[in-house]
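Per UniProt numbering, numbering through the sequence shown is continuous, rising by one, with the last residue being 250.
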Amino acid sequence: MDDSNRPPVVPAARVSRLTRPSVREQVVPFPRDPRPYDRPVVAAMVSPDDLTEEDAHRRVRILLALATCMATKGYRATTASDTAREGRVSKTVVYAHFRDTEHCLLELYTRATDKMLETVHAAQQRAAAEGLSWPHRLRTAVRAHLEVLAADPDVAWAALVEEQAAGRPALALRRQVIDRYVELICGVASDLAEQHPGEVRPVDRALVLAAVGGLNELMLARVERGEATALDEDTDVATEVLVQLVARRP
């Protein structure tokens, strides 16, 4: 982010955590405009607890504006002015919420991946409650993940492509996210192995890590081709990877 004429940081107003309901309960869609900002991947996530409702809306607005700018011109070419213009806020407001573009990207990535993991976990629980077969449970989780990404191509681009262009903190955060995906799949595989011992095997973590890496490349290739809205077309392939990973061999 261009810091040459950086305005002073203006702290966001604080509200008592004891008297204020959570931001998750407060967040409502932004007013409609030619570029709506009530996009699902980020807007549904909890904002920091010390922000007012108005600040929470602005923060999400800035995050989504950054995603749009990066999809157009890339992380390294995006400035605070670009983000402010796209988000319809001042540069002062941008700097009141984020130190620089890297800080903004890290929060965007964190919120987006939190939402995706939450969605996958919820889909897995619903599939189990409905008594679906274990391959269909895996398919339900995979499809939920891909549909969340496909719902907002700009955020998908930010999470899969631009995050890799940031510095060491972004790389460390990406490793944490990959580890969370690995733990999720290991947990699902363990549960399925207990429920279907004759069909499903517990899987070594290294194998799951390799599978997650392959699935990430599958999604990345689709997004790089400009086909993020068609990510769900990879549901069958991604599901087969996981089915073959956990299926017990004769």
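Glycine included, each C-beta is placed from N, C-alpha and C at the ideal position. In this text, all values refer to a predicted model and were calculated from it rather than measured experimentally.
**Exposed unless 16 or more other CB atoms sit within 10 angstroms - verdict on Met45** = Summary for Met45: the model assigns pLDDT 45, below 50, so the residue's position carries little reliability, and this model does not support an answer.
**Message:** Please return the same chain residues whose Cβ sits closer than 6 Å to the Cβ of Leu18, not counting the five positions on each side in sequence.
**Reply:** Since pLDDT at Leu18 reaches only 27, below the 50 mark, its modelled position is unreliable, and no value is offered.
**Item:** Nonlocal neighbours in the same chain, by C-beta distance under 6 Å from Asp33, ignoring five residues either side
**Value:** Confidence at Asp33 is low in this model, with a pLDDT of 37, below 50, so the placement of that residue should be treated as unreliable; the coordinate-derived value is given next. Excluding sequence neighbours, Asp33 sits near nothing in its chain.
**Item:** 8 Å contact criterion, which Val120 and Ala144 should meet: CB distance rounded
**Value:** Yes, Val120 and Ala144 are in contact; Cβ-Cβ is about 6 Å, under 8 Å.
**Residue interval of the alpha helix (DSSP H) (run including Leu192)** = Taken as a continuous stretch (DSSP letters only), the alpha helix (DSSP H) holding Leu192 covers Arg168 to Gln195.
**Prompt:** Below 8 Å, can you find three or more Cβ-Cβ pairs linking the region 84-91 to the region 119-136?
**Reply:** Inter-segment contact for the region 84-91 and the region 119-136 is absent: fewer than three beta-carbon pairs are separated by less than 8 Å.
**Request:** Can you have a look at Glu163 and say buried or exposed, based on whether 16 or more other CB atoms are within 10 angstroms of its CB?
**Result:** Answer is buried; the Cβ neighbour count reaches 16.
**Rounded Cβ spacing between Met219 and Leu160 (contact assumed at less than 8 Å)** = Sure, about 6 Å apart at Cβ, within 8 Å.
**Request:** State the CB to CB distance for the pair residue 295 and Thr78, rounded to an integer number of angstroms; the pair is presumed to be in contact (CB under 8 Å).
**Result:** Since the first residue of the chain shown is 1 and the last is 250, residue 295 is not available in this structure.
**Asked** Which runs of the alpha helix (DSSP H) fall wholly inside the region 49-79 and span at least 4 residues, in chain order?
**Response** With a minimum length of 4 residues, the continuous alpha helix (DSSP H) runs that stay inside the region 49-79 are 53-73.
**Prompt:** Would the region 181-195 and the region 146-157 be scored as touching if the rule is three or more Cβ pairs under 8 Å?
**Reply:** With the cut-off at 8 Å, the region 181-195 and the region 146-157 do not touch.
**Message:** So, under 8 Å CB-CB, Val241 and Leu215 are touching, yes? Tell me the CB distance rounded to an integer number of Å.
**Reply:** Yes, Val241 and Leu215 are in contact; Cβ-Cβ is about 6 Å, under 8 Å.
**Request:** Use the C-beta contact count for Arg111: other C-beta atoms within 10 angstroms, 16 or more gives buried, fewer gives exposed.
**Result:** Counting C-beta atoms within 10 angstroms of its own C-beta, Arg111 has 16 or more neighbours from the protein chains shown and is therefore classed as buried.
**Request:** Could you give the DSSP three-state label for Ala151: helix, strand or coil?
**Result:** In this structure, Ala151 counts as coil in the three-state DSSP scheme.
**Prompt:** Expressed to the nearest angstrom, what Euclidean distance is found between the alpha-carbon atoms of Asp82 and Leu245?
**Reply:** Rounded to whole angstroms, Asp82 to Leu245 spans 44 Å at the Cα level.
**Span separating the alpha-carbon of Gln26 from that of Asp114** = Only weak support is given to the placement of Gln26: the predicted model assigns it a pLDDT of 30, under 50, and the value that follows is read from those uncertain coordinates. So the alpha carbons of these two residues sit roughly 19 Å apart.
**Item:** DSSP-derived helix/strand/coil call for Ala247
**Value:** Strand, per DSSP.
**Asked** What does a CB cutoff of less than 7 Å around Arg85 pick up in its chain, not counting 5 residues either side in sequence?
**Response** No residues qualify anywhere along the chain.
**Asked** Just to confirm, are Ala189 and Pro202 a CB contact at a threshold of 8 Å?
**Response** Yes, these two residues count as a Cβ contact at 8 Å.
**Item:** Inter-residue spacing [alpha-carbon to alpha-carbon] between Gly226 and Asp232
**Value:** Gly226 and Asp232 have their alpha carbons spaced roughly 14 Å apart.
**Request:** Identify whether Val203 lies in helix, strand or coil by the three-state DSSP scheme.
**Result:** Residue state, collapsed to three classes: coil.
**Item:** Assigned secondary structure, Leu242 (DSSP; H/G/I helix, E/B strand, else coil)
**Value:** In this structure, Leu242 counts as helix in the three-state DSSP scheme.
**Request:** Can you say whether Pro107 is buried or exposed, counting buried as having 16 or more other CB atoms within 10 angstroms of its CB?
**Result:** According to the sequence displayed, residue 107 carries Glu and not Pro. With 16 or more Cβ atoms within 10 Å of its Cβ, Glu107 is classed as buried.
**Message:** For Gly74 and Val223, what's the separation of their Cα atoms in angstroms?
**Reply:** If I take the Cα positions, the gap works out to 14 Å.
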